[in-house]
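Visitor: First the structure, then my questions, so here it is.
If you want it as structure tokens, here you go:
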């Protein structure tokens, strides 16, 4: 298929008669707002944007794109760093109006529209004292997040988002509507646990929910030079921490918050973030090893889980570049090398230099799904966000250098939602060769023409 179909305007006209949503063309009201994604460095111009309201709309949009020979992209939250939620010149299927959330508290399940965000889901489940693993920002779309695996603060307690997936309703490339679950299209259901948007347009998800009556957080800060000592403490802490603990160690620019001392605001600081699925008093006990290091800034509180998700929302419109490596070990040498790269972040900026613990439920479910990175005990995630285009080269190089530094300890596999377009070999490595071969066979069954290729692409076998 080509990115420049013969007549995108004709496509828009053909849809308007039966399409339940809106079709936006270049120059029409709302078009420029609708093509904005999270990464401000992305500036793409779809030939048409189909704002779908139902699975029937999705099927109609796919049919129209096929007839007009237009490239197709699928947009939910638009958080992917590479901007592949948009096509240049083709048809973008925009699911954001399909954002209904229905909770069955008795069954402890939730059905979430394919265009919903993490915040939509969390705010619907919280009144029942229930939750499932969401991302690390409330504005992330459920669709790409879950289909890529779904790593979040609750993963050590409840597993990845995809581990809690009970069913996916989707429309395939030929317009067929189906439901994938353990009992229906089981091979496809397996592939949807990490295989991304390669197999169709997911119009709704059904998740298992868990009791979450309390959620607490400790965010502790030190001047950057204390980073190696704090990170070694965090590494050792993670090795024995209970599953209720999540979080990470990070370098960031000190924010102008009440709990941050004035001398740390605007400066590079080292921080320990401890999340805890329980009350504040227990969180304080768990965070004891860090309190013993005399942090100069500290916030420890019990907060509603949806509110915490909003606290860490990344500022939209920044220029973004991210990558990641998953590690078999993290010895003192690696700690020192990791910390030494932190001053190369763009400062000041919203960039984060992150170390994540894994383990817990995340590791115990390893092997069921095509996500070998979950067996790694640690991960590093250079998360670059800046405003000035003149900083692009420096921001990208910093992320590349961090990952290159960590490769002596890396597994080679990677959570593909944490990276941009790093080439086909990196996609294969993300799944492992055996899993990739099986995924490619499933891709050939459900999308033999590779209509859904604007993603971390799995090529049909």
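In my numbering, the protein residues as written are 3 to 463.
Positions of the beta carbon are idealized from the N, C-alpha and C atoms, including for glycine.
Quantities reported herein were computed from a predicted structural model and do not represent experimental measurements.
Which residue from 162, 156, 159, 187 puts its Cα closest to that of residue 171?
Guide: For the residues 162, 156, 159, 187, the minimum Cα distance to residue 171 belongs to 187.
Visitor: My output table needs one value for residue 113: the three-state DSSP class, helix, strand or coil.
Guide: Here residue 113 sits in strand by DSSP.
Visitor: How big is the Cα-Cα spacing for residue 6 and residue 70?
Guide: Confidence in residue 6 is poor, its pLDDT being 38 and thus under 50, which makes the residue's placement unreliable; the coordinate value appears in the next sentence. Taking the straight line from one Cα to the other gives about 9 Å.
Visitor: From residue 153 to residue 417, what distance separates their C-alpha atoms?
Guide: When rounded, the distance between both Cα atoms is 8 Å.
Visitor: From which residue to which residue does the beta strand (DSSP E) around residue 383 run?
Guide: Here the beta strand (DSSP E) through residue 383 covers 380–388.
Visitor: Which of the three DSSP states, helix, strand or coil, is assigned to residue 225?
Guide: Three-state DSSP puts residue 225 in a strand.
Visitor: Between the region 364–383 and the region 254–268, do at least 3 Cβ pairs fall closer than 8 Å?
Guide: Flag = no, the region 364–383 and the region 254–268 do not touch.
Visitor: With a threshold of 6 Å on Cβ separation, who are the neighbours of residue 46 within its own chain once the five nearest residues in sequence on each side are excluded?
Guide: So the qualifying residues of the chain are 88, 90.
Visitor: For residue 83, which of 33, 326, 334 has the nearest alpha-carbon?
Guide: With distances taken between Cα atoms, residue 83 lies closest to 326.
Visitor: Please classify residue 145: is it buried, with 16 or more other beta-carbons within 10 angstroms of its beta-carbon, or exposed?
Guide: Buried: at least 16 other Cβ atoms inside 10 Å.
Visitor: Strictly by DSSP, which residues pair up with residue 301?
Guide: In DSSP, residue 301 forms a bridge with 221.
Visitor: Which term fits residue 81, buried or exposed, when burial requires 16 or more other beta carbons within 10 angstroms of its beta carbon?
Guide: Classification for residue 81: buried.
Visitor: Look at residue 219 and residue 310 and say whether their C-beta atoms are less than 8 Å apart.
Guide: Yes, they are a contact pair.
Visitor: Tell me the rounded alpha-carbon separation between residue 340 and residue 385.
Guide: Rounded to whole angstroms, residue 340 to residue 385 spans 14 Å at the Cα level.
Visitor: Give a yes or no on whether the C-beta atoms belonging to residue 211 and residue 104 are separated by under 8 Å.
Guide: For residue 211 and residue 104, no; Cβs fall outside 8 Å.
Visitor: What are the partner residues of residue 466, as DSSP defines its beta bridges?
Guide: The displayed coordinates of the chain run from 3 to 463. Any statement about residue 466 would go beyond what the structure contains.
Visitor: Can you tell me the Cα-Cα spacing of residue 215 and residue 449, whole angstroms?
Guide: Distance between the alpha carbons of residue 215 and residue 449: 42 Å.
Visitor: Considering Cα atoms alone, identify which of 463, 456, 432 is closest to residue 442.
Guide: Nearest option by C-alpha distance: 463.
Visitor: Give me, in chain order, the residues of the same chain whose beta-carbon lies closer than 7 Å to that of residue 135; leave out the 5 immediate sequence neighbours on both sides.
Guide: These residues qualify, in order along the chain: 152, 154, 156, 157, 160, 161, 162, 163, 166.
Visitor: Just to confirm, is the Cβ distance from residue 169 to residue 208 under 8 Å?
Guide: Yes.
Visitor: Measuring straight from C-alpha to C-alpha, what distance separates residue 246 and residue 279?
Guide: In a straight line, the C-alpha of residue 246 is about 5 Å away from that of residue 279.
Visitor: Looking at the unbroken beta strand (DSSP E) that takes in residue 189, where does it start and where does it end?
Guide: Note, residue 189: premise wrong, no beta strand (DSSP E); alpha helix (DSSP H) at 188–193.
Visitor: What are the boundary residues of the alpha helix (DSSP H) that residue 210 is part of?
Guide: Unbroken run through residue 210 is the beta strand (DSSP E), 203–210; no alpha helix (DSSP H).
Visitor: Contact between the region 388–405 and the region 360–380: three or more CB pairs below 8 Å?
Guide: Touching, no, given that fewer than three Cβ pairs across the two stretches are closer than 8 Å.
Visitor: Whose C-beta lies closer than 7 Å to the C-beta of residue 33 among residues of the same chain, with five residues either side of it excluded?
Guide: 26, 27, 51.
Visitor: Across the region 54–67 and the region 91–99, are there enough close Cβ pairs to call them in contact, namely three or more that are closer than 8 Å?
Guide: At 8 Å Cβ cutoff, the stretches touch.
Visitor: In terms of DSSP beta bridges, what is residue 95 paired with?
Guide: 52, 76.
Visitor: In chain order, what residues of the same chain lie with their CB nearer than 6 Å to the CB of residue 374, ignoring the 5 residues before and after it?
Guide: Counting only Cβ-Cβ distances below 6 Å, and skipping sequence neighbours, we find 415, 434.
Visitor: Could you tell me the alpha carbon to alpha carbon distance between residue 48 and residue 444, rounded to whole angstroms?
Guide: Approximately 29 Å between the Cα atoms of the pair.
Visitor: Hey, which unbroken runs of the alpha helix (DSSP H) at 4 residues or more fall wholly within the region 402–439?
Guide: Listed in chain order, they are 426–433.
Visitor: Tell me which same chain residues have a C-beta within less than 8 Å of the C-beta of residue 142, skipping the five on either side of it?
Guide: Within the same chain, residue 142 has close Cβ partners 79, 81, 119, 120, 136.
Visitor: Decide if residue 273 is buried, meaning its Cβ has at least 16 other Cβ atoms within 10 Å, or exposed.
Guide: That one is buried.
Visitor: Cutting at 7 Å between CB atoms, please list the residues of its own chain near residue 350, excluding the five before and the five after it.
Guide: 255, 268, listed in sequence order.
Visitor: Give me the Cα-Cα distance between residue 198 and residue 173, rounded to the nearest whole angstrom.
Guide: Going from the Cα of residue 198 to the Cα of residue 173 covers about 14 Å.
Visitor: With a threshold of 8 Å on Cβ separation, who are the neighbours of residue 431 within its own chain once the five nearest residues in sequence on each side are excluded?
Guide: Correct list, in chain order: 414, 415, 416.
Visitor: What's the C-alpha gap between residue 113 and residue 206?
Guide: Between residue 113 and residue 206, the C-alpha separation is close to 7 Å.
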